[in-house]
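For reference, the structure is listed below as structure tokens.
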């Protein structure tokens with residue numbers, strides 16, 4: 006989203022500083038309000054708004070809910086049907102044998118290249134794309150899920166002050182991120198609340214606020230790296246073996262899990278499962294000593310019934326939630342629990358209908374229709390494999406067609422707006438999202454990139470130009486050929502027009518890339534551009550930035566997204582230098598008895614570079630300041 010990229014680095018830094026101080030209790034939330042443009046901040050993160058007749062949350066569900074939503078928004082979730090099916094088939098097979106019916110377990114795949122897994126209170130389990138690339142067998146994956154389920158059922162978060170503190174920080178961070186972003190009028194990321202008579206951050210706006218705030222990536226890393234003690238990890242191993250055994254998986258799966266991760270991730274200890282789940286040798290020995298339970302896998306009908314019950318309960322919870330972002334997250338989780346079950350169509354319908362209702366709260370000219378129409382198309386495709394009545398199928402088709410008519414009715418007005426030379430960024434974005442196949446799409450995308458540059462948003466400009474190049478170029482034989490837009494006029498396919506578009510886009514990208522500020526932007530373009538020239542420019546800009554960037558946050562964000570990229574080691578070295586510099590600044594403030602300034606420096610290191618050598622010195626500094634301040 007362009008909105009996400011447009012959030013200023015200064016506001017992100019404010020959030021990072023505030024959260025670091027909140028971690029020690031040095032800054033009350035009342036003080037946060039003074040740095041968020043007059044917005045009031047509750048003294049504790051507000052509870053999820055629900056209907057008056059809503060039933061109680063399941064065990065620990067609300068404790069982990071916000072963190073689960075935030076991590077899904079920040080990292081993105083993998084949508085591959087085959088991967089999701091495997092994860093949920095094995096996950097629910099094991100979960101059905103835990104003997105904890107009150108928990109609502111969900112399984113999602115974070116789009117993270119690092120190999121890792123995490124369980125949040127209440128039953129929210131995440132596995133990363135990188136972990137699924139480790140070629141683990143189903144038995145090994147079952148033991149991995151068993152381990153994470155053990156953290157949940159034994160309520161390990163309540164036995165770890167560190168985890169409780171981090172979960173609280175995540176909730177507070179989400180509140181502050183939203184407050185920093187709130188404007189005085191609707192710019193597309195906000196909905197008008199008729200009841201409160203003010204604009205509030207929409208579900209999409211909240212997602213964008215989360216995605217644009219790198220503190221969540223740092224908190225995720227900190228949860229993994231410093232969450233549970235050695236004793237709790239060993240306890241989760243033992244319980245995980247029991248759960249996996251009940252589901253019919255041999256103990257050899259646990260040995261394979263530990264051995265394979267030990268062998269494959271040893272060289273990348275800082276960022277892999279090694280660093281967050283240490284002492285593998287001892288754990289391998291315990292896994293080898295474990296005896297097979299000798300149990301048989303649960304009957305498929307038993308697991309299916311468990312999944313159907315989970316889906317129904319999740320959907321009913323979503324029905325009671327008034328906050329759109331949370332409701333949408335729960336509907337998605339419910340759909341994943343049993344995507345082809347008898348209740349999947351009603352759940353998917355509620356999901357797309359709620360998304361449509363959120364969009365309809367905006368003025369008609371500010372609505373985004375096409376992505377919702379695409380969701381209806383997917384839903385109608387699903388009806389071909391899941392039994393539904395003819396009347397239900399007709400209802401879905403009618404709702405979809407209504408959206409198409411609404412969108413098409415606005416076309417002339419929207420086109421009139423964007424055809425004007427002074428059309429603003431937001432209207433250009435909306436038009437391209439609603440009418441991506443329009444004959445003027447290439448021209449509007451180019452104009453949008455130029456508007457971003459004029460607004461001092463070079464990262465947005467570069468990403469937009471990259472999208473333009475990807476849309477109009479494709480590799481063929483020895484070179485690149487333009488792919489004409491399906492809606493373009495016939496003359497758009499001429500050789501001269503192709504050549505003009507190529508030169509125009511490449512020239513703009515050549516001028517834009519040297520202005521890019523984000524390491525992640527250069528990396529994204531480097532990995533996805535169809536042009537060899539652009540790839541070279543992006544490479545040069547990436548390594549130029551990696552050599553002299555001056556923000557811990559920039560480096561932290563890059564390493565969270567691309568821990569194994571070619572530039573990662575250079576970025577890591579630069580982050581270490583910046584972290585060491587902050588520690589020295591902290592020591593200076595400490596010597597002058599400016600304790601809050603010292604904590605400011607130390608906490609930036611601990612939160613944004615928890616893996617660094619400097620972090621150990623920063624943690625020691627925090628302990629010293631706490632003692633001095635308390636004396």
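Numbering (the numbering used here), first residue to last: 6 to 636. Even glycine gets a Cβ: it sits at the ideal position worked out from N, Cα and C.
- Per the C-alpha coordinates, the member of 304, 156, 295 positioned closest to residue 236 is 156.
- With the rule of 3 Cβ pairs closer than 8 Å, the region 553-568 counts as touching the region 605-622.
- The Cβ-Cβ distance between residue 378 and residue 340 does not fall below 9 Å.
- Residue pairing by DSSP places residue 62 opposite no residue, since no beta bridge is assigned to it.
- Contact between residue 134 and residue 83 holds, with the beta-carbon distance rounding to 5 Å and staying under 8 Å.
- With contacts defined as CB atoms closer than 9 Å, residue 327 and residue 55 qualify as a contacting pair.
- 9 Å or more divides the Cβ of residue 145 from the Cβ of residue 300.
- Around the beta carbon of residue 251, a 10 Å sphere encloses 16 or more other beta carbons of the protein chains shown; the residue is thus reported as buried.
- In this chain, residue 130 is not harboured by any alpha helix (DSSP H); it is covered by the beta strand (DSSP E) spanning 129-133.
- DSSP places residue 350 inside the alpha helix (DSSP H), whose first and last residues are 349-365.
- With fewer than 16 neighbouring CB atoms inside 10 Å of its own CB, residue 632 falls in the exposed class.
- Annotation for residue 314: the continuous alpha helix (DSSP H) segment containing it runs 305-324.
- Excluding sequence positions up to five before and after residue 581, its CB lies within less than 8 Å of the CB of 614, 617, 618, 619, all in the same chain and listed in chain order.
- Counting only the Cα atoms, residue 262 lies some 10 Å from residue 288.
- Ranked by Cα distance from residue 522, the first of 549, 535, 515, 478 is 549.
- Residue 597 carries a coil assignment under DSSP once its states are collapsed to helix, strand and coil.
- Distance from the CA atom of residue 532 to the CA atom of residue 80, rounded to whole angstroms, is 18 Å.
- Pairing residue 506 with residue 477 gives a Cβ-Cβ distance under 9 Å.
- Following the DSSP letters along the chain, one finds residue 113 inside the beta strand (DSSP E) bounded by residues 111-115.
- When the five nearest sequence neighbours on each side are left out, the beta carbons in the same chain lying within less than 7 Å of the beta carbon of residue 99 are those of 147, 150, 151, 154, 248, 249, 252, in order along the chain.
- The beta-bridge partner set that DSSP reports for residue 123 consists of 131.
- Counting the other Cβ atoms within 10 Å of the Cβ of residue 242 gives 16 or more, which makes it buried.
- Taking the CA atoms as reference points, residue 572 sits about 38 Å from residue 428.
- In this structure, residue 518 lies away from residue 552, with their beta-carbon atoms at least 9 Å apart.
- Cβ neighbours of residue 630 within its own chain (closer than 6 Å, five residues either side excluded): 600, 603, 604.
- Here residue 82 carries a strand assignment [DSSP, helix/strand/coil].
- Within the region 361-401, the runs of alpha helix (DSSP H) that reach at least 4 residues and sit entirely inside it are, in chain order, 375-387.
- Residue 55 is bridged by DSSP to 326.
- Distance check between residue 124 and each of 142, 69, 105 places 69 closest, using alpha-carbon atoms only.
- Taking a C-beta distance under 9 Å as the contact criterion, residue 348 and residue 335 do not qualify as a contact pair.
- With distances taken between CA atoms, residue 566 lies nearest to 119 out of 128, 109, 119, 393.
- For the set 468, 583, 343, 449, the Cα lying nearest the Cα of residue 529 is the one of 468.
- Assignment of residue 478 by DSSP, reduced to helix, strand and coil, places it in the strand class.
- Of all alpha-carbon atoms in 441, 325, 440, 421, the one lying nearest the alpha-carbon of residue 57 is that of 325.
- In the DSSP assignment, residue 542 falls within the alpha helix (DSSP H) that extends over 537-553.
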